[in-house]
Amino acid sequence: SLYPSLEDLKVDKVMR
Amino acid sequence: KFADLFEKMVPMLVQQSLNIASSRKADVVNRLVGSLREATNLSALEDLSGDSVPQSILEKSHAVIQQGGLNSIEQLIKDLPELLQRNREILDESLKILNDEETTDNELRAKFNQRWNRTPSGDLYKPLRAEGGNFRNVLDKAVQADQVVKERFNTHCEMIALLCKPENELCSAIPSANPAKTLQGSEVVNVLKAQLVHLDEIKRDREVLEGEIKSVTFDMMSKFLTALAQDGAINEEALSTAELDTRYGTYTQRVQQNLRSQEEILAQVQTSHQEFAALKQSNNEANHRDDVLKKLASAHDSYIEISSNLKEGTKFYNDLTEILLKFQNKCSDIVFARKTEREELLKELQQS
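So the protein lines, in turn, are chains A and B.
For the first sequence, counting from 1, position 1 maps to 1 in my numbering; every step adds exactly one.
Here my numbering runs 1000 ahead of the position in the second sequence, where the first position is 1.
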């Protein structure tokens, strides 16, 4: 896919 | 009006000879005409036209039109910058209210020193700033993606527009590979044309010849009757072949001549056709047609790709907006809490 995935943003937040 | 009923009555031998002679004649005529017909078939060359729209391109054109054609992706591409800007603004506003509050907190700390003993806003906001940083990275990547889509669109928009045209316009927009047209005036084509004209003439001669052969009529009756009267017998074969020779001799020669000249011309056509085919290969007009057809095919593929990119991009921005709005709420909530706390602290300080 061309656009960045928003999933890793959510994962990042959950981890923090 | 007297009609002699017995005029046509002849001796049985004469009648039989007549029958045999007419079948001989029919044989000769069929043989000559048959060879003429066959020669005409041989000389028919394949149709060299090459300017209709290939089926695969037609299918691709229908597919693109069905999906909305150029307009639909043009509109989406126009929307991308606005979606990006909207997300940027939300992020910038969120970070700005954090910055403003932090600045105020730092100023008060500088003013009251250790009496301003609450946790510094900088420390509190660190995770939020990290999250903000992530958002900024994601947006930067999205900008690059937008660029890729735009470039891809610019590269193919002309061909995509062509694909969206009605079939007749599409056909006329594709350079024709019709050799006769595109190679107009080239030596090989002129030679080939002259040979084909010559071939046509030979064909026409054959038609005339065929007509003449069929129209030959002669009557053996009197010969047979005289032979019967003189010799008491009829040598049908000798008489018929002699008569057929005199009647069809010249025609047979003309048919042979016609066939021979056709063979020569066909041999010449073969060689110049090979030259022509080779020329066609190297001819940039035909290559140009291939180029356009290839571009049309890849325009279709890119159209599909661009459509899915735009769908993905639009979804990305809309999803991100939701996340950023939540982030903005979080920032404004914490800043609001900090302000409330600050005011209480200020009040205490003033009282003390």
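Idealized CB from N, CA, C, for every residue including glycine.
Predicted model only: the values in this text are computed from it and were never measured.
Taking Cβ positions only, does leucine 1320 of chain B come closer than 8 Å to chain A? Taking the first residue of the second sequence as 1, we reach residue 1320 of chain B at position 320. So yes, leucine 1320 of chain B belongs to the interface.
By the DSSP assignment, the alpha helix (DSSP H) with aspartate 1205 of chain B in it spans what residues? Within the second sequence, numbered from 1, the residue matching residue 1205 of chain B stands at position 205. It spans 1187–1215 - the alpha helix (DSSP H) in which aspartate 1205 of chain B sits, taken as one unbroken run.
Same chain, Cβ closer than 7 Å to lysine 1165 of chain B, neighbours up to 5 away in sequence not counted: Translated into the one-based positions of the second sequence, residue 1165 of chain B becomes position 165. Ala1173, listed in sequence order.
Would you call the segment 1066–1078 of chain B and the segment 1192–1206 of chain B in contact, with 3 or more CB pairs under 8 Å? no
With DSSP as the reference, label arginine 1353 of chain B as helix, strand or coil. The requested residue 1353 of chain B does not occur in the structure, where chain B is confined to residues 1001 to 1352.
Which residues in the same chain have their Cβ closer than 6 Å to the Cβ of leucine 1239 of chain B, if we skip the five residues on either side of it in sequence? Position 239 of the second sequence, counted from the first residue, corresponds to residue 1239 of chain B. Contacts found: Lys1223.
Is the beta carbon of arginine 1024 of chain B sitting closer than 8 Å to the one on leucine 1244 of chain B? By one-based count along the second sequence, residue 1024 of chain B stands at place 24. By one-based count along the second sequence, residue 1244 of chain B stands at place 244. Yes, Cβ-Cβ distance for arginine 1024 of chain B and leucine 1244 of chain B is below 8 Å.
Leaving out five residues on either side along the sequence, give the residues of the same chain with a beta carbon under 6 Å from the beta carbon of leucine 1045 of chain B. Residue numbering aside, residue 1045 of chain B sits at position 45 when the second sequence is read from its first letter. In this predicted model, leucine 1045 of chain B has a pLDDT of only 45, less than 50, meaning its place in the structure is not dependable enough to derive any value.
Compare the C-beta of valine 1138 of chain B with all C-beta atoms of chain A and state if any pair is closer than 8 Å. Your numbering for residue 1138 of chain B matches position 138 in the second sequence. Yes, contact with chain A.
Which residues bound the alpha helix (DSSP H) around alanine 1003 of chain B? Taking the first residue of the second sequence as 1, we reach residue 1003 of chain B at position 3. Per DSSP, alanine 1003 of chain B belongs to no alpha helix (DSSP H) and is neither H nor E.
In chain order, what residues of the same chain have a beta carbon less than 8 Å from the beta carbon of threonine 1271 of chain B, not counting five sequence neighbours either side? Counted from its first residue, the second sequence places residue 1271 of chain B at position 271. Result list for threonine 1271 of chain B: empty, nothing under 8 Å.
Who are the near neighbours of leucine 1162 of chain B in its chain, counting only those whose CB is closer than 6 Å to its CB and skipping five residues on each side? For the purposes of this step, residue 1162 of chain B is taken as residue 162 along the second sequence, with counting starting at 1. Excluding residues within five positions, the ones whose Cβ falls inside 6 Å are Ala1173.
Just to confirm the assignment, what range does the alpha helix (DSSP H) spanning leucine 29 of chain A have? Within the shown structure, residues of chain A are numbered from 1 to 16, placing residue 29 of chain A beyond reach of any answer.
Three-state class that DSSP yields for phenylalanine 1153 of chain B in the structure shown: Looking up residue 1153 of chain B in the second sequence gives position 153. Three-state DSSP puts phenylalanine 1153 of chain B in a helix.
Going by Cα to Cα distance, which pick from B:Ile1323, B:Phe1327, B:Lys1339, B:His1300 is closest to glutamine 1066 of chain B? The count along the second sequence starts at 1 and reaches residue 1066 of chain B at position 66. Measuring from the Cα of glutamine 1066 of chain B, the nearest candidate turns out to be B:His1300.
Taking 8 Å as the CB-CB cut-off, is phenylalanine 1316 of chain B touching chain A? The residue you call residue 1316 of chain B lines up with position 316 of the second sequence. Yes, its Cβ sits closer than 8 Å to a Cβ of chain A.
Any beta-carbon of chain A closer than 8 Å to the one on asparagine 1154 of chain B? Mapped onto the second sequence, residue 1154 of chain B falls at position 154. Answer no: the Cβ-Cβ gap between asparagine 1154 of chain B and chain A never drops below 8 Å.
Should valine 1148 of chain B be flagged as near chain A, meaning a C-beta pair shorter than 8 Å? To locate residue 1148 of chain B, count along the second sequence from 1; it is residue 148. Yes, contact with chain A.
Name the residue from B:Met1009, B:Ala1142, B:Val1029 whose alpha carbon lies nearest to the alpha carbon of glycine 1249 of chain B. By 1-based counting over the second sequence, the position of residue 1249 of chain B is 249. Here the closest residue by C-alpha is B:Val1029.
Could you tell me which chain A residues have their CB closer than 9 Å to the CB of glutamate 1082 of chain B, listed as they occur along the chain? Within the second sequence, the letter at position 82 stands for residue 1082 of chain B. Per Cβ cutoff of 9 Å: no residues; glutamate 1082 of chain B is ~16 Å from chain A at best.
Restricting to Cα atoms, I'd like to know which of B:Ala1229, B:Asn1137, B:Asn1019 is closest to serine 5 of chain A. The sequence position of residue 5 of chain A within the first sequence is 5, counting from 1. The candidate whose alpha carbon is nearest that of serine 5 of chain A is B:Asn1137.
For glutamate 1207 of chain B, count the other beta carbons within 10 Å of its own beta carbon; 16 or more makes it buried, fewer makes it exposed. Which is it? By 1-based counting over the second sequence, the position of residue 1207 of chain B is 207. With fewer than 16 other Cβ atoms within 10 Å, it is exposed.
Would you kindly work out how many angstroms separate the C-alpha atoms of valine 1159 of chain B and threonine 1321 of chain B, rounded to a whole number? Within the second sequence, the letter at position 159 stands for residue 1159 of chain B. Within the second sequence, the letter at position 321 stands for residue 1321 of chain B. A quick correction: the sequence has methionine, not valine, at residue 1159 of chain B. Between methionine 1159 of chain B and threonine 1321 of chain B, the C-alpha separation is close to 34 Å.
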